[in-house]
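Residue numbering for the sequence shown is 1 to 229, as defined by the UniProt record's numbering.
No residue lacks a Cβ here, since even glycine has one placed at the ideal position from N, Cα and C.
Here the structure is laid out as structure tokens; the discussion comes afterwards.
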Amino acid sequence: MTATGAARVASQRIAEVLRERILAGQLPPGTRIKQDELAEELSASRIPVREALRILESRGLVEVRANSGAWVTQMDLHNLTITYQIRERIEPLLLMDSVPRLDPAVVARMREIQAEIEANDDLERFMALDRELHWATYAGNRTPYLATMVERLWDTTQHYRREFARQMGDRGTWAVNTEHRLLIEAIASGDTASASNVLALHIQRTRVELARNPEFLASIGHGTGPAQS
1 MTATGAARVA SQRIAEVLRE RILAGQLPPG TRIKQDELAE ELSASRIPVR EALRILESRG
61 LVEVRANSGA WVTQMDLHNL TITYQIRERI EPLLLMDSVP RLDPAVVARM REIQAEIEAN
121 DDLERFMALD RELHWATYAG NRTPYLATMV ERLWDTTQHY RREFARQMGD RGTWAVNTEH
181 RLLIEAIASG DTASASNVLA LHIQRTRVEL ARNPEFLASI GHGTGPAQS
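Set out below in structure tokens:
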């Protein structure tokens, strides 16, 4: 492998480590990422660390400012609302592209995941299962550029979904489970239009609840980085 290739591999490795930490909540919004400490921890030079931060910046997970540093991206309520409105519009498109090519085995797996969700009471496990379920519904898509857009939106809202689920408690659990079941049944019957409508309403309900409970944003983030504008 050439030196350039090795540096690229190192950058991707570091980017994935940081992405996993961000999505797991280990690096909350507003946390400053100290490049020197990260390079030492991961036995890397600063060059692949800087490139890894650029990769994550392109995915919306990190904000890098010249002569200022890098922080885990923060969103205010306005930007979070806009992000959810985008999701309401494009995720149903991805689902509609996927549904006609989902085989019964995938639908059976969706039912298994939903059963696991309903038997689960651990928040982090719910986050993983919820993501697995939704991405199973998109497994038949033939539009990778759209799937990439949706994945970015999921990643950038991960912290907020986690805190929202934590604060909504049993009321939120009941609503999520009901919507998941409706979505799975629509997919199982091949009713693309109904599946799309259920998904849009599923995302919209979260957006509306967030707007009604903006105080939950105060529970997220421990850093001092600038909020996304």
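DSSP state of residue i mapped onto helix, strand, coil
i, result
"glycine 140", "coil"
"isoleucine 47", "helix"
"alanine 70", "strand"
"isoleucine 90", "helix"
"arginine 32", "strand"
"arginine 65", "strand"
"asparagine 213", "coil"
"alanine 115", "helix"
"glycine 169", "helix"
"leucine 56", "helix"
"leucine 182", "helix"
"methionine 75", "coil"
"glutamine 12", "helix"
"asparagine 120", "coil"
"isoleucine 220", "coil"
"alanine 108", "helix"
Cβ-based burial, residue i [other Cβ within 10 Å; buried from 16]
i, result
"histidine 78", "exposed"
"aspartate 121", "exposed"
"glutamine 85", "exposed"
"tyrosine 145", "exposed"
"isoleucine 184", "buried"
"glutamate 163", "buried"
"arginine 89", "exposed"
"alanine 211", "exposed"
"glutamine 158", "buried"
"residue 300", "In this structure the chain extends from 1 to 229, so residue 300 is not present and cannot be described."
Residues near residue i by beta carbon distance below 6 Å, same chain, minus five either side
i, result
"serine 229", "Residue placement at serine 229 is poorly supported in this model, since its pLDDT is 32, which falls under 50; the coordinates are not used for a value here."
"serine 189", "none"
"isoleucine 113", "Leu129, Glu132 and Leu133"
"isoleucine 117", "Leu129"
Other residues of its chain near residue i: CB distance less than 7 Å, five sequence neighbours each side excluded
i, result
"proline 92", "Ser196, Leu199 and Ala200"
"serine 45", "Ala39"
"alanine 165", "Leu123, Phe126 and Gly172"
Integer-rounded CB distance, given that residue j should sit under 8 Å from residue i
i, j, result
"valine 150", "leucine 94", "6 Å"
"arginine 32", "tryptophan 71", "5 Å"
Neighbourhood of residue i by C-beta distance below 8 Å, restricted to the same chain and skipping five residues each side
i, result
"arginine 152", "Arg59 and Gly60"
"threonine 83", "Met75, Leu153, Thr156 and Thr157"
Take every Cβ of the stretch 55-71, pair it with every Cβ of the stretch 98-108, and state whether three or more of those distances are shorter than 8 Å.
no
Using 8 Å as the Cβ pair cut-off and three pairs as the minimum, do the stretch 14-21 and the stretch 39-52 touch?
yes
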